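Undergrad: Which chain is which? The protein sequence lines are P and B, in order. Using my numbering, read the first sequence as starting at 1 and increasing by one per residue. Using my numbering, read the second sequence as starting at 1001 and increasing by one per residue. Ideal Cβ positions, reconstructed from N, Cα and C, are used throughout, including at glycine. Since we're looking at a predicted model, the values are computed, not measured.
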Amino acid sequence: MRRARSGLAAILPGLWLAIFFAFPFLLVAKLSASDSALAIPPYTPRIDWSQGLAGVRAFFAALDGETYVRLTRDSLYVDAWLSSLRIAAIAAGLLLLVGYPIAYGVARCPPRLRQALVMAVILPFWTSFLIRIYAWIAILKPAGVLNGLLAAVGLPPVDILNTEAAVLLGLVYAYLPFMVLPLYAVLERQDESLIEAAQDLGCTPLQAFWRVTFPLSLPGAAAGALLCFIPMAGEFVIPDLLGGSETLMLGRVIWTEFFANRDWPAASAVAIVLLATLVIPILLFERQQAKVTR
Amino acid sequence: MSGRPNIGGIRETFAPWEDPTARPLVRFEGVSKAFGDTQAVNDVSLSIYEREFFALLGPSGCGKTTLMRMLAGFEQPDAGQVMLAGRDIAADPPHRRPVHMMFQSYALFPHLSVAQNIAFGLKRQGVARAEAAARVEEMLALVRLEGLGRRRPDQLSGGQRQRVALARALAPRPRILLLDEPMAALDKKLREETQFELMNLQQTLGLTFMIVTHDQDEAMVVADRIAVMRAGEIVQVGRPAEVYEAPADRYVAGFIGDVNLFEGRVATSEGGRVRLLSQDGPIEAEGAGPVGETAWIAVRPEKVAVHSEPQPGDNVLAGTILDYGYLGDWTTYLVEVAPGRTIRAARANATRTVVRPLGCGDAVWLSFEPASAVVLTR
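1) Tell me whether the stretch 1022-1040 of chain B and the stretch 1078-1087 of chain B touch, counting them as touching only if at least three CB pairs, one residue from each stretch, are closer than 8 Å.
2) If we ignore side chains and look at the alpha-carbon of each, how far apart do Pro231(P) and Lys30(P) end up?
3) Could you have a look at Ala18(P) and say whether DSSP puts it in helix, strand or coil?
4) For Ile1118(B) versus Val1136(B), is the C-beta distance shorter than 8 Å?
5) If you measure between the beta carbons of Ala233(P) and Ile254(P), is that distance less than 8 Å?
6) When you compare only the Cα positions, how much space is there between Ile19(P) and Arg262(P)?
7) Span of the alpha helix (DSSP H) holding Gln1236(B)?
8) Is the stretch 1212-1226 of chain B touching the stretch 1237-1244 of chain B, taking contact as three or more C-beta pairs under 8 Å?
9) Would you identify the three-state DSSP class for Phe1028(B), choosing helix, strand or coil?
10) Identify every run of the alpha helix (DSSP H) within the stretch 173-228 of chain P, keeping only runs that are complete inside it and at least 4 residues long; order them along the chain.
11) Please tell me whether Gln199(P) has its Cβ less than 8 Å away from any Cβ of chain B.
12) Kindly list the residues whose CB is nearer than 6 Å to the CB of Leu71(P), restricted to its own chain and excluding five residues on each side of it in sequence; keep chain order.
13) Determine the extent of the alpha helix (DSSP H) in which Glu1218(B) is found, giving its start and end residues.
14) Answer yes or no: do Arg1344(B) and Thr1332(B) have a C-beta to C-beta separation smaller than 8 Å?
15) Consider the Cβ of Met1210(B): report whether some Cβ of chain P lies at a distance smaller than 8 Å.
16) Taking all protein chains shown into account, decide if Gly14(P) is buried (16 or more other Cβ within 10 angstroms of its Cβ) or exposed.
17) Could you check whether Leu1056(B) and Met1070(B) sit closer than 8 Å to each other, using their CB atoms as the reference points?
18) Go ahead and label Tyr1326(B) buried or exposed: buried means 16 or more other beta carbons lie within 10 angstroms of its beta carbon, across all protein chains shown.
19) Kindly say whether Pro1094(B), judged by its beta-carbon, lies nearer than 8 Å to any beta-carbon of chain C.
20) Return helix, strand or coil for Ile90(P), following the three-state DSSP convention.
21) From His1116(B) to Glu188(P), what does the alpha carbon distance come to, in whole angstroms?
22) Could you work out which residue in Trp1365(B), His1095(B), Asp1019(B) and Gln1160(B) is closest to Pro1310(B) when comparing CA atoms only?
23) Going by alpha carbons, who is nearest to Glu1270(B) out of Val1291(B), Val1222(B), Ala1185(B) and Met1101(B)?
24) Starting from Ile137(P), follow the alpha helix (DSSP H) in both directions and report where the run begins and ends.
25) Using DSSP with H/G/I as helix, E/B as strand and the rest coil, what is Glu1245(B)?
26) So with CB distances below 7 Å, who are the chain P contacts of His1307(B)?
27) Would you mind giving the Cβ-Cβ distance between Gly224(P) and Glu235(P), rounded to the nearest angstrom? I have them listed as a contact below 8 Å.
28) Pull the bridge partners of Trp1330(B) from the DSSP assignment, please.
29) Closer than 8 Å, CB to CB, is Val28(P) near chain B or not?
30) Could you say which of Asp1224(B), Ala1363(B) and Ala1072(B) lies nearest to Leu1317(B) if we only look at CA atoms?
31) Work out the CA separation of Glu192(P) and Val237(P) for me, nearest whole Å.
32) Report yes or no: is there a C-beta of chain P within less than 8 Å of the C-beta of Gly1003(B)?
33) Figure out for me which residue from Asp1258(B), Asp1154(B), Arg1051(B) and Ala1373(B) has the closest Cα to the Cα of Tyr1106(B).
34) Return the CA-CA distance between Leu1178(B) and Pro1094(B), expressed in angstroms with no decimal places.
35) Determine whether the Cβ of Gly148(P) lies closer than 8 Å to any Cβ atom of chain B.
36) When the cut-off is 8 Å and only beta carbons count, does Arg1161(B) lie next to chain P?
Quick look at the structure:
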């Protein structure tokens, strides 16, 4: 009885996953195994329903992994893949460095102030993401706000728009809440008597932080880093708006293949490779979480 | 102390607080502490001696934990001094005080094994690895957790966690061990066992323990002396038997154990005996009181005898049994001696069968010896 009910409860999320994840995923996987063609839509094979079962069979026979082989041959894809992972990894590291002190500071505030500060971390989400990234263009452009400020204090101007630095800045800015919130959640939950116990047993406040607070906050740091790393590796808007043409990221490659080259199979294959790459850290994270909760 | 009657019928030999030349290990001198508008601790002076098991007893919010935390260094007194072995330690941060605390929540480090938890303080002291490992083993044996060193705290039962917390606080050999409600999370049976274990440990190690508790039974069992606190102040300090048999005031009498109180005007006070005119008639008790003024005579239920026949003499009250509770070892009776006025009496069930058992509605006569009652003026 109970089992039947829990089975029923699983139907809705299962249906959701099937419609909005499994089906589109299979569609993209099928596309990646097709060949590009000058047609509408721009790929073959397509199932010829008039032939019946034979048509379906012919369709599956025409699917191959040729596009994937093409990806490994062209250094553009490999470079973009490596560069995406590198930029996302650096940004995740920077986010940890910036986000940890913020989360720690908020968690150590009196409870009433905490609410307001958490709100302040979330507040930027109330404005459009796109507008906020455009604002960075206005700040970073050669005659922008940043250089105006630098000139005012007598410093030489910097020209970082359309560089990797600008992309990193944009990523750290946009993803900061995703780093701060999971870190804050573990830090805020931490029993204060643990710190007192560490100090009682001979730790200076700094030692108590490194030996107790920090190791216990690692699950939050891992959650935050992954929560940021995964979407950042596939990020399109930020590198497109803030990064120059030399900033290679898979998100842009997918866009270019789809819309500029009309090479749907290549775009789909890149998307599948990105997904496969990101499954690895997710699995690692799952394992680590399972270890913690055990 | 030959002339003094022996309170509680227990002969005690350990009493450094009665020796004027003894120097206390810990001394609170006029200590006060306020949190906002709340005066948590108000002008407390207290001495704790080497090898003593000292209990701070009081209801929650009475300031007992704050007082202990000031000794650990987690709170700074607003006024007064906290001294350890004759030295004012006010300026020392918690990590420099040779005082260790066992936290009410145990505060075990969840990311470290049992052995690493116990070695935590030793590492900070710079104890060599081999020696620390030996000490950890010694501690595990002491708290009977041999072989569990590699476990994580969350793989232990509540009682085991409590013993790890104890071992961790004891391992660096503190001058004084502070126990903050150490048994609050244990069930009754385990709590009683642990109380005796703690006493044993304190005796064998020859250490000084200070316990904070709201449980009067616990304080009575473990402590050499009890300080009863109320609203930031210490009301009475004494041996368990003194606090029980000679409470300083009505608050202490009521907080520790059950008590029957007779309020009235003191008619006479002579020859070590007080005669009080109460609403229940004249009551006598040994002691002294201010003639003509209001005072109270307190008598514990177990010192009130229950009879089925009228009794001659003083301190006899006639009434009917309103209710009773059979506790196995004791039976307590609630006797109505006047409309709305009840007296509690307790009788040890010394035999298995009684020829004429008492029940609700029975007419009884209560009596107690003047020597069994105390006169309270506050």
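TA: Looking at the atomic coordinates:
1) yes
2) 23 Å
3) helix
4) yes
5) no
6) 26 Å
7) First-last for Gln1236(B): Glu1233 to Gly1238, but that is the beta strand (DSSP E), not the alpha helix (DSSP H).
8) yes
9) strand
10) 192-200 and 205-208
11) yes
12) Tyr77 and Ala269
13) Gln1216 to Val1222
14) yes
15) no
16) exposed
17) no
18) exposed
19) Among the protein chains of the structure shown, namely P and B, there is no chain C.
20) helix
21) Inspection of the sequence shows that residue 1116(B) is occupied by Gln rather than by His. Distance between the alpha carbons of Gln1116(B) and Glu188(P): 24 Å.
22) Trp1365(B)
23) Val1291(B)
24) Phe129 to Leu140
25) helix
26) Residues of chain P passing the Cβ test: none, with the nearest at roughly 54 Å.
27) Their Cβ separation, rounded to whole angstroms, is 16 Å, which puts Gly224(P) and Glu235(P) out of contact at 8 Å.
28) Ala1348(B)
29) no
30) Ala1363(B)
31) 41 Å
32) Note that Gly1003(B) scores a pLDDT of 46, beneath 50, so its modelled location is shaky and nothing firm can be said.
33) Asp1154(B)
34) 13 Å
35) no
36) no
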